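Heads up, the thing below is written out as structure tokens.
In full-length UniProt numbering, the protein residues as written are 1 to 220.
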């Protein structure tokens, strides 16, 4: 890839995220310590597997996330750190909320290599339990929480976002109602979000994640 074409393909990505070639295929990447066995090139860039990351899928699909790099981030549903490790590679202070103790142990290990990553063993449905830790005026709320009431969680955590901040949310239809049509679930979630957010963009993530909807929104 020429320098000009590489610059063009990376123009829509936040600073610190690049499309680079791994195994003959161009993929998203960030620069940081390896976390989940992902390929790493000679310059320290590691492939960002969109098949294991809802936010990675949103970027791959060209959604306008509003990310530019160095944002403060509150990440809900961090699990063992697959996606939030990439976020911390290019973002500023990154608060990672996960309620299950076992994944948090892995997350703490990921944070050892990233001084800006702060794991929190908390429940995203109860934001008051970490309100004393997470700063207000956060630039970006990233949400990948596999639970019923995903829109309610997003609304409750609106309090941390700056007025010009962004919600980047992946809705898992089967977590809301395994019997309902995904489109109906998505419509209900978007409608509930409307009480606190203006929806800027939505896209199905099925190319990478079945029955998921990516949402970009900003606080009202």
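For each residue, glycine too, the CB sits at the ideal point set by N, CA and C. All figures in this text were calculated on a predicted structure; none of them were measured in a lab.
Original post:
With burial defined as no fewer than 16 other Cβ atoms inside 10 Å of the residue's Cβ, what is the status of residue 18: buried or exposed?
Top reply: Here residue 18 refers to the residue found at position 18 of the chain shown. Classification of residue 18: buried, given that the 10 Å Cβ count is 16 or more.
**OP:** Measure the C-alpha to C-alpha separation of residue 149 and residue 42 and round it to an integer number of angstroms.
**Re:** Translated into positions along the chain shown, residue 149 becomes position 149. Translated into positions along the chain shown, residue 42 becomes position 42. Spanning the two alpha carbons is a distance of roughly 43 Å.
Subject >> Three-state class that DSSP yields for residue 171 in the structure shown >> reply: Within the chain shown, residue 171 is the residue found at index 171, counting from 1. Of the three classes helix, strand and coil, the one that applies to residue 171 here is strand, per DSSP.
Original post:
Can you list, in chain order, the residues of its chain whose CB lies under 6 Å from that of residue 123, leaving out five sequence neighbours each side?
Top reply: Numbered from 1 along the chain shown, position 123 holds the residue referred to as residue 123. Within the same chain, residue 123 has close Cβ partners 99.
Subject >> Stretch-stretch touch, CB-based, cutoff 8 Å, three pairs: the region 124 to 138 with the region 156 to 175 >> reply: yes
**OP:** Decide yes or no for the touch test of the region 161 to 172 against the region 90 to 105: beta carbon pairs closer than 8 Å, at least 3 of them.
**Re:** no
Subject >> Nearest to residue 204 (by Cα), restricted to the options 171, 139, 110, 73 >> reply: Sequence index remark: in the chain shown, residue 204 carries index 204 (1-based). Nearest C-alpha to residue 204: 171.
Original post:
Rounded to a whole number of angstroms, what is the C-alpha to C-alpha distance between residue 116 and residue 178?
Top reply: Locating residue 116 in the chain shown gives position 116, counting from the first residue. Locating residue 178 in the chain shown gives position 178, counting from the first residue. In a straight line, the C-alpha of residue 116 is about 37 Å away from that of residue 178.
Original post:
Excluding the five sequence neighbours on either side, which residues of its own chain have a C-beta within less than 6 Å of the C-beta of residue 7, listed in chain order?
Top reply: Taking the first residue of the chain shown as 1, we reach residue 7 at position 7. Its pLDDT being 42, under 50, residue 7 is placed unreliably in this model, and the value from its coordinates should be taken loosely. Nothing listed; no residue qualifies.
**OP:** Kindly list the residues whose CB is nearer than 7 Å to the CB of residue 79, restricted to its own chain and excluding five residues on each side of it in sequence; keep chain order.
**Re:** Position 79 of the chain shown, counted from the start, is the residue given in the question as residue 79. Same-chain partners within the cutoff: 98, 103.
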